[in-house]
Amino acid sequence: MHRILITGAAGAIGNVLREGLRGRYPVVRVTDRAALGPAQKGEEVVEGLDLADLAGLEAAMKDVDAVVHLAGTPVEQPWEPILANNIIGLHNTYEAARRQGVKRIIFASSNHTIGFHPRGRHIDETVPPRPDGRYGVSKVFGEAMGRLYADKHGMEIINLRIGSFKPKPKNVRMLNTWLSHRDCVHLVDVCLRAAGIHFEIIYGVSANSRNKWHDSLAARIGYRPQDNAEEYAAEILAAMQPEDEPLTERLFHGGEYCAMEFDGDLAKIG
């Protein structure tokens, strides 16, 4: 693989991947609406690129072998920015890639696609979506768009259901969901290099002892995470016990996203 493109490269994950993947591929092209700074050795920089600009996206994808699509609204927001960035912008990204003959897209999906599944259950990539907010709905849409482009246009799609991307876990929930920086770089790298891909889902988590998310792809493509949130458990549990979490957050995989604007009936969610 000669040239990869990282969209949203000025964001938290984008910054880490930009540095971590540099030198592993002959050319790493980075794009964002925000400033990216000067190109480093082996980089190409495209600044000021908005996901609404289909022609600009096409130009950015010229001669690209694979796209790591991180750009978009990264958290729960009102519908308007999510529609613009995660729905319309997502479609533009896929369509620009198709028109330029890009073969593979690594899509930054989210654990919030399955947020309303009860936290007590171990789940895998086959469970039906249960988004916990507008952001989660947009990521379900993104996965569905990837399925369409895989089946109809022969593109290779991997959806990363990213957990909690932080330098270190910060609360009880993250003892399950944490994804360390170095494990994230390793995960994206093996996804870019994996053979035999059509349409796949993989959970983006480190080797956490309390992990309840599992999938068949990780072992097949050689994802071997090195970090474990349990190393921080004593520190976290000294400040907060599991029963200290608000009830709605404690019950579901999506945590606080499930609690946002919640006025439903907990007894009916099983």
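First residue of the sequence shown? That's 1 in UniProt numbering, and the numbers climb one at a time after it. Think of the CB as a built atom: it goes at the ideal place given N, C-alpha and C, for glycine as much as any other residue.
Query raised in the report: On the three-state DSSP scale, how would you describe Tyr25?
Result: strand
Query raised in the report: Taking the alpha carbon of Ala84 as the point to measure from, which residue in Phe141, Asp63 and Leu21 has its own alpha carbon closest?
Result: Phe141
Query raised in the report: Just the Cα atoms here: how many angstroms apart are Ile105 and Ser180?
Result: 22 Å
Query raised in the report: According to DSSP, is Val68 helix, strand or coil?
Result: strand
Requested in this report: Give the DSSP bridge partners of Tyr94, in chain order.
Outcome: DSSP output for Tyr94 lists no bridge partner at all.
Query raised in the report: Are the beta-carbon atoms of Leu5 and Val75 separated by less than 7 Å?
Result: no
Query - Nearest-angstrom Cα separation, counted from Trp178 out to Ala219 - result: 18 Å
**Report entry** Delimiting residues of the beta strand (DSSP E) encompassing Tyr203
**Finding:** Phe199 to Gly204
Requested in this report: Report yes or no: do three or more beta-carbon pairs, one from the region 49-66 and one from the region 92-103, lie closer than 8 Å?
Outcome: yes
**Report entry** Beta-carbon contacts of Thr7 that lie in its chain and below 6 Å, excluding the five residues immediately before and after
**Finding:** Thr31, His69, Leu70 and Ala71
Query raised in the report: Taking the C-alpha atoms as reference points, what is the distance between Lys41 and Glu47?
Result: 17 Å
Query - N- and C-terminal bounds of the beta strand (DSSP E) containing Asn159 - result: Glu156 to Ile162
Report task. Can you check DSSP and say which residues form a bridge with Ile87? Result -> Ile87 pairs with nothing; no bridge assigned.
Query - Reference Ser206; option with closest CA among Pro246, Ile162 and Glu243 - result: Ile162
Query - Burial state of Thr73 (16 or more Cβ within 10 Å) - result: buried
Query - Buried/exposed call for Glu235, threshold 16 Cβ in 10 Å - result: exposed
Report task. Hey, could you find the ends of the alpha helix (DSSP H) Arg210 is sitting in? Result -> Neither: Arg210 is in no alpha helix (DSSP H) and is coded neither H nor E.
Query raised in the report: Sorted by chain position, which residues of the same chain lie with C-beta nearer than 6 Å to residue 335's C-beta, five sequence neighbours on each side aside?
Result: Outside the modelled stretch of the chain, which goes from 1 to 270, sits residue 335, for which no answer is possible.
Query - Distance between Ala267 and Asp50 (C-alpha atoms, nearest Å) - result: 43 Å
Query raised in the report: Given a threshold of 16 other Cβ atoms within 10 Å of its Cβ, counted over all protein chains shown, does Ala34 qualify as buried or as exposed?
Result: exposed
**Report entry** With 16 other Cβ atoms within 10 Å as the buried cut-off, status of Thr113
**Finding:** buried
Query raised in the report: How long is the line joining the alpha carbons of Arg147 and Ile158, rounded to whole angstroms?
Result: 10 Å
Query raised in the report: Name the DSSP beta bridge partners of Val30, please?
Result: Ile6 and Val45
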